[in-house]
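Novice:
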Amino acid sequence: MKAVVIGASAGLGRALAGCLAEAGHEVMLVARDGRDLDPVARDLSIRFDTRVQWLEADLAAPDVAELRTGVLERMGGLDALFVIAGLGDDADTGIMEDTALRRLIDVNFSGPASIINAFLPDLMRDGPSHLVGVGSVAAVRGRSRNMVYGSAKRGLEFYFEALRHRLDGGGCRVQFYRAGFMDTTMLGNERPGPLVVRPEAVARAMVARLDGPSGMAYLPRRWLLVALILKLLPWPLFRRMRR
Amino acid sequence: MTAPARRLFHCLGFGESALGWRESPDRYRFFDRMPQGACIPMGAGLSLAGASFGEGVRSVEMRRFDRILDFDPAQGTITVEAGITLGRLFEFLAPRGWLVAVQPGYPDITVGGCVAGNVHGKNPLAHGCFGRWVTALELAHPAQGRLCLSADQRPDLLELTIGGFGLTGWILSVTLRLLPLPGGPVVTEPVKVDSLEQAAEILAARKDGADLLYSWHDLAMPGRSGAGLVFVGRHLDEPKVAAIPGRCRALDQDRRALPVGVMNRAGIAVLNRMQAWRWRGAKSQDAAAATFPFAANPEYFYLYGRNGFIEHQTLIPWGVTGTYIARLRRLLDRHSVTPGLCVMKPFGGEPRLLRFEGDGLSLAIEVARGRAALALFADLDALDVELGCRANILKDARLPAAAVAAQYSGLETFRSRLLAFDPDRLMQSSLSRRIGL
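Chains as they are written, first to last, in this note's numbering: chain A, 36 to 278; chain B, 7 to 443.
Here it is in structure tokens:
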């Protein structure tokens, strides 16, 4: 399989690229900074003896036509597109700089939507293909933290539902995951708490479920319960959950 | 965008603590920024002294930079990012028939930490210390940018960085020479000895190329003769691929499991009897178990209880080992302190700058922290100076500046070369401040 991973320089994207390379797939890593992508590509090619390449693209303003040409030229096509990138901001608690706010929306929604839109013709074809996106448990209910981040991820999730509707009946499987807390820089620099899992565990589950059902799921699965409680919590109680 | 987190750091054993800041970057652009205030690189954060943190200092964890950048099986070299752990590296190298020559006993230790501490392995006489196997490294310094160091490029700075306690900047990548890994198990034969002196004689005589060579002693018995075992280990070359390590259990240096330590004289005597029984005959271990003996039982460190422990490792010139051992015995009795661990290893290498290297016998003791232990260690400092011994700076969490100044003739050179490279001294730690750097 030829897989493109958007946001592959660190965290879940990097872990996912590792799982795909380990399974013998050809991988194209995409992220903002080649200085981070080059070591990932070298590491995976050396350890798993598979072809791993990289391309730079900034999700805040991606040149999607150029990215698509680059991918098609270097790989000669693609079978799977993984949109993993995400960006959080400590200041996302109400009043933040406009440029920072726009960057949150761009990296978490506009950029991914542009990229998916550009690659859609390549995924809508006769053979089987995969489109996988990652959202967050922060998008279950609007809270006073990660306000814009959660909204953008919720928007992305909505877009994935629309894509699933559009692509239903064809060969492309559309999967979306609400990922729980992982030990990545998204968590900040605090010590990982009890609910925090290694991104490798989530990545492995995503690869194992590639041929599973389309639609939305929680990873790790226990977040389903947490999210359910959060969703059912009546407002008088929910409003107290503020730090 | 993510602020560093406030955190109370401890070294392994709780010998040194400080309130600082913790940051765990995962992108190279982090090193483009000029940091505000003092900072220090952190590997696994498992050293026995406060080398990776300091009061008000930003500790920058390198663990997310853990990739293999280049591997040349023809030449037997590998280039890795500094945050890769010895365990992960072993997992990659062992099935391919290679081994990092010098490895401390715990697999979570990072390669960057091994370089900064110029650590030793299980036979420092034959294999030297970690720095001997480093052929090149990339360093990033906030004021100097990214620098490639090797025998041809800035060799002075390479020398300062190996065993430089992270004070020259962030080590980004390291190129290492490797040793071929024989396919068979490691067979270790324990030789029974009645005293420390007898072990010292055997260790001095065995200068052939055993892969493992060290001794272990029981100082809890009356008379403190130090009866124990000399371990001579050899890697057998059999046509079989070496096993990869079993599950490593995390060693949490912040954990204080037992409210009251059991490492008093009676407890230590019991543990020592168990240890002696475990080693009643020759043992065959796979390469992983022999390389990382501490991976399976991190609980050992918790036995010291809430107050933790401190370690003192001394490099004794061969001529005075007998005198040192006799004086140590008397000091243990005077202070009524029983070491939970006493290990000796023959050493080699060149004593440059602040490196714990040179010809001699190293003797390490680990004791429960407390007033008696501190008094004992202060007396050991004086003994070290008197007999021309040197203490391992990276292992002793309370080693005072005066002791370092008296024992290391390279201190002034180290200080002036560090100041010439970085006049603003951006990198600082509890350790560097304590020893007056």
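Each residue gets a CB set at the ideal place from its N, CA and C atoms; glycine is no exception.
#1: To be precise: take each residue of the segment 90-117 of chain A, compare its Cβ to all Cβ atoms of chain B, and keep it if any distance is under 7 Å. Which residues remain?
#2: What residues from chain A crowd round A80 of chain B, counting only those whose CB sits closer than 8 Å?
#3: Please report the Cβ distance between N124 of chain B and I168 of chain B, rounded to the nearest whole angstrom; I am assuming they are in contact, meaning their Cβ atoms lie under 8 Å.
#4: Take every Cβ of the segment 167-180 of chain A, pair it with every Cβ of the segment 61-70 of chain A, and state whether three or more of those distances are shorter than 8 Å.
#5: Does I41 of chain A come within less than 8 Å of chain B when only Cβ atoms are used?
#6: With distances taken between CB atoms, is the gap from S186 of chain A to G129 of chain A smaller than 8 Å?
#7: Could you please tell me which residues of the segment 18-29 of chain B, in chain order, have their CB closer than 9 Å to any CB of chain A?
#8: Using 8 Å as the limit for Cβ to Cβ distance, is F77 of chain B near chain A?
#9: Quick one: does V209 of chain A have its CB under 8 Å from some CB of chain B?
#10: In the segment 106-155 of chain B, which residue ranges form an unbroken alpha helix (DSSP H) of at least 4 residues, counting only runs that do not cross its ends?
#11: Give the residues of chain B in contact with N181 of chain A, contact being defined as C-beta atoms less than 8 Å apart.
#12: I need the DSSP call for F383 of chain B, collapsed to helix, strand or coil.
#13: Just the Cα atoms here: how many angstroms apart are A262 of chain A and V175 of chain A?
#14: Smallest Cα separation from A206 of chain B: which of B:L309, B:V276, B:V326, B:Y112?
#15: Does any C-beta atom of chain B lie closer than 8 Å to the C-beta of R86 of chain A?
#16: Am I right that A293 of chain B and L187 of chain B are in contact with their C-beta atoms under 8 Å? What's the rounded C-beta distance?
#17: Is it buried or exposed for A56 of chain A, if we count other Cβ within 10 angstroms and need 16 for buried?
#18: Give the secondary structure of E165 of chain B by DSSP, where H, G and I count as helix, E and B as strand, and everything else as coil.
#19: How is F237 of chain B classed by DSSP in three states: helix, strand or coil?
#20: For chain B, check one thing: does any of its Cβ atoms lie closer than 8 Å to the Cβ of R233 of chain A?
#21: If you check the beta carbons only, do G190 of chain B and D224 of chain B fall under 8 Å apart?
#22: Relative to the ligand FAD, is the shortest distance from any of its heavy atoms to the C-beta of G112 of chain A smaller than 7 Å?
#23: Out of B:A211, B:L359, B:L185, B:I441, point me to the one whose CA is closest to Q81 of chain B's CA.
#24: Can you find at least 3 beta carbon pairs, one from the segment 369-384 of chain B and one from the segment 311-318 of chain B, that sit closer than 8 Å?
#25: Assign I150 of chain A to buried or exposed, taking buried as 16 or more other Cβ atoms, counted over all protein chains shown, within 10 Å of its Cβ.
#26: Three Cβ pairs or more, each shorter than 8 Å: is that satisfied between the segment 58-77 of chain B and the segment 135-148 of chain B?
#27: In or out: M276 of chain A buried (at least 16 other Cβ within 10 Å) or exposed?
#28: Can you tell me the Cβ-Cβ gap for P130 of chain B and K351 of chain B, rounded? I've got them flagged as a contact below 8 Å.
#29: Out of B:E418, B:L443, B:A50, B:L209, point me to the one whose CA is closest to S30 of chain B's CA.
#30: Got a sec? Which residues, its chain only, sit under 7 Å from F37 of chain B by beta carbon, not counting five neighbours each side?
#31: What's the gap between the Cα of R330 of chain B and the Cα of E195 of chain B?
#32: Enumerated in chain order, which unbroken segments of the alpha helix (DSSP H) with a length of 4 residues or greater are wholly contained in the segment 341-423 of chain B?
#33: Under a three-way DSSP split, which group does L113 of chain A fall into?
#34: With the cut-off set at 8 Å, would you say T320 of chain B and R431 of chain B are in Cβ contact?
#35: Quick check on DSSP: helix, strand or coil for G59 of chain A?
#36: Threshold first: 4 residues or longer. Then list the alpha helix (DSSP H) segments lying entirely within the segment 159-219 of chain A, N to C.
Specialist: Walking through what the data contain:
#1: Flagged: no residues at all.
#2: Scanning chain A for C-beta atoms nearer than 8 Å to the C-beta of A80 of chain B yields nothing, as the closest lies near 14 Å away.
#3: Cβ-Cβ separation between N124 of chain B and I168 of chain B: approximately 5 Å, consistent with a contact (criterion under 8 Å).
#4: No, the segment 167-180 of chain A does not touch the segment 61-70 of chain A.
#5: Not one chain B Cβ lies under 8 Å of I41 of chain A.
#6: Going by C-beta atoms, S186 of chain A is not nearer than 8 Å to G129 of chain A.
#7: For the segment 18-29 of chain B, the beta-carbon criterion of a distance under 9 Å to any beta-carbon of chain A is satisfied by W27, R28, E29.
#8: Chain A contact via Cβ: present.
#9: Not one chain B Cβ lies under 8 Å of V209 of chain A.
#10: Unbroken alpha helix (DSSP H) stretches of 4 residues or longer found wholly inside the segment 106-155 of chain B: 117-123, 130-133, given in chain order.
#11: Residues of chain B whose Cβ lies closer than 8 Å to the Cβ of N181 of chain A do not exist, since the nearest Cβ in that chain is about 12 Å away.
#12: Three-state result, F383 of chain B: helix.
#13: Their Cα atoms are separated by approximately 6 Å.
#14: When only C-alpha atoms are compared, the closest one is B:V326.
#15: Chain B, which has no Cβ nearer than 8 Å to the Cβ of R86 of chain A, makes this no.
#16: Rounded to whole angstroms, the Cβ separation of A293 of chain B and L187 of chain B is 6 Å, and the two are in contact under 8 Å.
#17: Per the 10 Å Cβ criterion, buried.
#18: Of the three classes helix, strand and coil, the one that applies to E165 of chain B here is helix, per DSSP.
#19: DSSP places F237 of chain B in the strand class (E or B) of the three-state scheme.
#20: No, R233 of chain A lies away from the interface with chain B (no Cβ there is under 8 Å from its Cβ).
#21: Between G190 of chain B and D224 of chain B, the CB-CB gap reaches or exceeds 8 Å.
#22: Among the components modelled here there is no ligand, and therefore nothing to report on the ligand FAD.
#23: Closest by alpha carbon: B:L185.
#24: The segment 369-384 of chain B and the segment 311-318 of chain B touch, with no fewer than 3 CB-CB distances between them shorter than 8 Å.
#25: Around the beta carbon of I150 of chain A, 16 or more other beta carbons sit within 10 angstroms, so the residue counts as buried.
#26: Cβ pair count under 8 Å is below three, so no.
#27: A residue is called buried once 16 or more other Cβ atoms fall within 10 Å of its Cβ, and M276 of chain A, having fewer, is exposed.
#28: Right, their Cβ atoms sit about 6 Å apart.
#29: Selected option, being the one with the closest Cα: B:A50.
#30: Result list for F37 of chain B: A146, W176, in chain order.
#31: With the sequence shown as reference, residue 330 of chain B is identified as Tyr, and Arg is not the correct amino acid for it. Answer to the nearest angstrom: the Cα atoms are 27 Å apart.
#32: Scanning the segment 341-423 of chain B from its first residue to its last, the whole alpha helix (DSSP H) runs of 4-plus residues come out as 377-393, 407-413.
#33: Taken through DSSP and simplified to helix, strand or coil, L113 of chain A comes out as coil.
#34: No, Cβ-Cβ distance for T320 of chain B and R431 of chain B is not below 8 Å.
#35: Of the three classes helix, strand and coil, the one that applies to G59 of chain A here is coil, per DSSP.
#36: Correct list: 182-202.
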